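Numbering (our numbering), first residue to last: 2 to 398.
Every residue gets a Cβ at the ideal spot worked out from N, C-alpha and C, and that includes glycine.
Note that the coordinates shown come from a computational prediction; the quantities given were computed from them, not determined experimentally.
Worksheet: the structure to be examined is printed underneath.
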Amino acid sequence: MVDLPKRPGDNLEHWLKGCVSRRQTQHLERYRRVVSGNSAVDIQMGGKSLLNFSSNDYLGLAAHPELVAALKDGADSNGVGSGASALVSGFREQHHLLEIELAEFLQREKVLLCSSGYLANLAVATSLTRKGDVIIQDRLCHASLIDAARLSKARLLRYAHADMEALRQQLELENHGNTLVVSDGVFSMDGDTAPLATMAMLCEDHRAWLVVDDAHGIGVCGPGGRGSVAAAGLDGQQVPILTGTLGKAFGCFGAFIAGSETLVNHLVNEARSYIYTTAMPPALAAAARAALRRVIEDDWRREHLHTLIRHFKQGAASRDLALMDSDSPIQPMIIGDSRATLDLAADLQRQGFLVVAIRPPTVPVGTARLRITLSTTHQPAQLNALLDAIAAATSHV
Ligand SMILES: *Cc1c(COP(=O)(O)O)cnc(C)c1O
Numbered sequence: 002m003v004d005l006p007k008r009p010g011d012n013l014e015h016w017l018k019g020c021v022s023r024r025q026t027q028h029l030e031r032y033r034r035v036v037s038g039n040s041a042v043d044i045q046m047g048g049k050s051l052l053n054f055s056s057n058d059y060l061g062l063a064a065h066p067e068l069v070a071a072l073k074d075g076a077d078s079n080g081v082g083s084g085a086s087a088l089v090s091g092f093r094e095q096h097h098l099l100e101i102e103l104a105e106f107l108q109r110e111k112v113l114l115c116s117s118g119y120l121a122n123l124a125v126a127t128s129l130t131r132k133g134d135v136i137i138q139d140r141l142c143h144a145s146l147i148d149a150a151r152l153s154k155a156r157l158l159r160y161a162h163a164d165m166e167a168l169r170q171q172l173e174l175e176n177h178g179n180t181l182v183v184s185d186g187v188f189s190m191d192g193d194t195a196p197l198a199t200m201a202m203l204c205e206d207h208r209a210w211l212v213v214d215d216a217h218g219i220g221v222c223g224p225g226g227r228g229s230v231a232a233a234g235l236d237g238q239q240v241p242i243l244t245g246t247l248g249k250a251f252g253c254f255g256a257f258i259a260g261s262e263t264l265v266n267h268l269v270n271e272a273r274s275y276i277y278t279t280a281m282p283p284a285l286a287a288a289a290r291a292a293l294r295r296v297i298e299d300d301w302r303r304e305h306l307h308t309l310i311r312h313f314k315q316g317a318a319s320r321d322l323a324l325m326d327s328d329s330p331i332q333p334m335i336i337g338d339s340r341a342t343l344d345l346a347a348d349l350q351r352q353g354f355l356v357v358a359i360r361p362p363t364v365p366v367g368t369a370r371l372r373i374t375l376s377t378t379h380q381p382a383q384l385n386a387l388l389d390a391i392a393a394a395t396s397h398v
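Have a look at this one:
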C-alpha cells in the first residue's frame, strides 16, 4: 500500500483520495478490466477483440468441453454451493475422489483440497510453526507465502533470489524450534525455477522442512506434468509439503496441499484457513477431476506448449528483444520504469494484444515488466505478431 500517514481527524474519503493521488503520481494505480469470451487466447474487452497473453490457463483447459460438461453435471447432481465448511458437512464425494486422484498423480500419500492457493499457503505456515520457529523464504516468493509467514508467529528470514549460500547461512543461525524453508517451484513473476535439489540437500543437512508452492509448475513441467519437484527428481521425503493451485494449468479454481497422511490429519485439525471457510463447490471438484484426466492423458498439450516457448524465445532473440531467462510459459520482459511499462502495455493493447504491465509492489522497484504468458492454444503466428509489435513499439524508445 502507498505510504500515507493519517492526520488526526482526517475524514475517510479525504484520506482515500490522498492515497489515490499518491498511487497515480507513482504510476502504481491498479484497475480491473471487464473481459468476456470463453477462450484462453481470444478475448473481448470493451467491444474489442484481443489476443490474451496474460492468462495462466497454460494448457488451454479453462474452456475445455469436458470440464464444462463435468461442471454442469456436477451442479445437476450436487447443486451449486457445498453449504458448509469441509469439517461440518461440506466435504462431498467429488472432493473425496479428487483428493484421492490428485494424491495418486502427485505420488503423495494424501492431498487436502483448499479453497484457494492463497488459503493453502496460509494453512501450511500457520499450522506448522509457532512463536520461536523460523520460516526462510526466497525473496521473490509469491505474496501469499509472505502473508502466510506474517500471519504465523514464526520469524521470517528472506534470502536473495536463488542464493543458496545465503540460505545455508540462515539455516546455520541458532534456532531451537522448527524451520520451514519455503519457495515457489516456478517463480510467478520471473518464470525461472528454484534450485530445488540444492534446497532439499540443505534442508536435509539442517533438519528443516521444505515447502514448495508449485502453482506454475504442476501440469506444465516435469515427468507427466507432475511439476518442478518431480522435474528435480525429488520425492515426498525431500519435499514433504507441496502446494499447488487448480486455478492455473488446471483451468479451474481451488487448490491443494499434498503430503503424508499425518500431515493432512494435522492440517485438518489445525489449519484455520482450511477449517473456517466454505468448502469449494462440489461441481468444481468434478471439473477439476476432468482437468486432471486431461493433464495426465494429454502429453501433447505440454509438448506443444514447450515448442511454443522455444519458438517465442528464438523469435525474441532474432528481434534483439531481451527476455528474462525462463523456460516456463512465463516469459517476462523487464522494462524497468512503471510509466514506460504502462505505456508499452497500452500501445500493445491498441494493436490487439493484452499483456498486462506488472509493477511494484508485485515485483521489486525498478523491475516493472511485461509478464507475457503462453498457452498451448496460442498459434505460432500469434507469437510472431506479438514480438513484431513489441519490437516496433520499443524501437523508438
Ligand atoms: C497464483 C499463485 C498462488 C495463489 O493461488 P490461488 O489459487 O490463485 O489463490 C499461490 N502461489 C503462487 C506462487 C501463485 O502464483
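Checklist entry - Three or more beta-carbon pairs under 8 Å between the segment 247 to 255 and the segment 49 to 62, yes or no? => result yes
Item to check | Residue interval of the alpha helix (DSSP H) (run including Ile120) | outcome: Reading the sequence as shown, one finds Leu at residue 120 and not Ile. That run of the alpha helix (DSSP H) goes Gly118 to Leu129.
Item to check | Limits of the alpha helix (DSSP H) - the one that Phe313 falls within | outcome: Asp300 to Ser319
Checklist entry - What residues match up with Asp139 in a beta bridge as DSSP calls it? => result Tyr160
Checklist entry - Is there contact here, the segment 253 to 273 with the segment 100 to 119, by at least three beta-carbon pairs under 8 Å? => result yes
Item to check | Local conformation of Lys7 per DSSP, three classes | outcome: coil
Checklist entry - Leaving out the 5 sequence neighbours to the left and right, which residues in its chain are closer than 8 Å to Ala323 when beta-carbon positions are compared? => result Here the set comprises Ala317, Met334 and Ile335.
Checklist entry - Measuring CB to CB, does Asp191 end up less than 8 Å from Met325? => result yes
Item to check | Residue from Gly353, Leu384 and Arg372 whose Cα sits closest to the Cα of Ser50 | outcome: Gly353
Next on the checklist: Using a Cβ-based criterion (distance less than 7 Å to any ligand heavy atom), does His217 qualify as near ligand 1?
Outcome noted: yes
Next on the checklist: Taking a contact to mean a Cβ-Cβ separation below 8 Å, would you say Leu268 touches Val230 in this structure?
Outcome noted: no
Item to check | Nearest-angstrom beta carbon gap, Asp134 and Ala155 [assumed within contact, 8 Å] | outcome: 4 Å
Item to check | Ser86 - DSSP class collapsed to helix/strand/coil | outcome: strand
Next on the checklist: I want to check one thing, is the minimum distance from the CB of Asp148 to the heavy atoms of ligand 1 below 7 Å?
Outcome noted: no
Next on the checklist: So for Gly245, helix, strand or coil by DSSP?
Outcome noted: Strand, per DSSP.
Item to check | Pairwise C-alpha distance: Arg227 and Ile107 | outcome: According to the sequence as given, residue 107 is Leu; it is not Ile. In this model, Leu107 and Arg227 are separated by some 6 Å (Cα to Cα).
Item to check | Alpha carbon of His207 to alpha carbon of Leu152, nearest angstrom | outcome: 24 Å
Checklist entry - Does ligand 1 have even one heavy atom less than 7 Å from the beta-carbon of Ala318? => result no
Checklist entry - With a Cβ-Cβ cutoff of 8 Å, do Ala288 and His96 count as a contact? => result Not in contact: Ala288 and His96 (Cβ atoms no closer than 8 Å).
Checklist entry - At what residue ranges does the segment 327 to 364 contain a whole run of the alpha helix (DSSP H), taking only runs of 4 or more? => result 339 to 351
Item to check | Distance, Thr279 Cα to Ser22 Cα | outcome: The C-alpha of Thr279 is placed about 37 Å away from the C-alpha of Ser22.
Next on the checklist: Starting from Asn53, trace the beta strand (DSSP E) in both directions and tell me its first and last residue.
Outcome noted: Taken as a continuous stretch (DSSP letters only), the beta strand (DSSP E) holding Asn53 covers Lys49 to Asn53.
Checklist entry - Residues bridged to Cys115 by DSSP? => result Ala256
Next on the checklist: If contact is defined by three or more beta carbon pairs under 8 Å, each pair taking one atom from either stretch, is the segment 288 to 297 in contact with the segment 62 to 74?
Outcome noted: yes
Next on the checklist: In this structure, how does DSSP classify Gln239 when only helix, strand and coil are distinguished?
Outcome noted: coil
Checklist entry - Whose beta carbon lies closer than 5 Å to any heavy atom of ligand 1, going through the chain in order? => result Ser117, Gly118, Tyr119, His143, Ser145, Asp185, Ser189, Asp214, Ala216, Thr246, Gly248 and Ala256
Checklist entry - Under a three-way DSSP split, which group does Ser134 fall into? => result According to the sequence shown, residue 134 is Asp rather than Ser. Reduced to three states, the DSSP call for Asp134 is coil.
Next on the checklist: So, with DSSP's three-state summary, where would you put Ser145?
Outcome noted: helix
Checklist entry - Can you tell me whether DSSP reads Ser78 as helix, strand or coil? => result helix
Item to check | Residues bridged to Leu371 (per DSSP) | outcome: The partner list for Leu371 (beta bridge, DSSP) reads Met334 and Ala358.
Next on the checklist: Assuming contact is defined by CB atoms lying nearer than 8 Å, are Leu158 and Ile137 in contact in what I supplied?
Outcome noted: Taking a C-beta distance under 8 Å as the contact criterion, Leu158 and Ile137 qualify as a contact pair.
Checklist entry - What beta strand (DSSP E) runs, 3 residues minimum, are completely inside the segment 178 to 224? => result 180 to 185 and 210 to 214
Item to check | With 16 other Cβ atoms within 10 Å as the buried cut-off, status of Val212 | outcome: buried
Checklist entry - For Ser329 versus Val42, is the C-beta distance shorter than 8 Å? => result no
Checklist entry - Considering Met1, what are the terminal residues of the beta strand (DSSP E) in which it resides? => result There is no way to answer for residue 1, as the model of the chain reaches only from 2 to 398.
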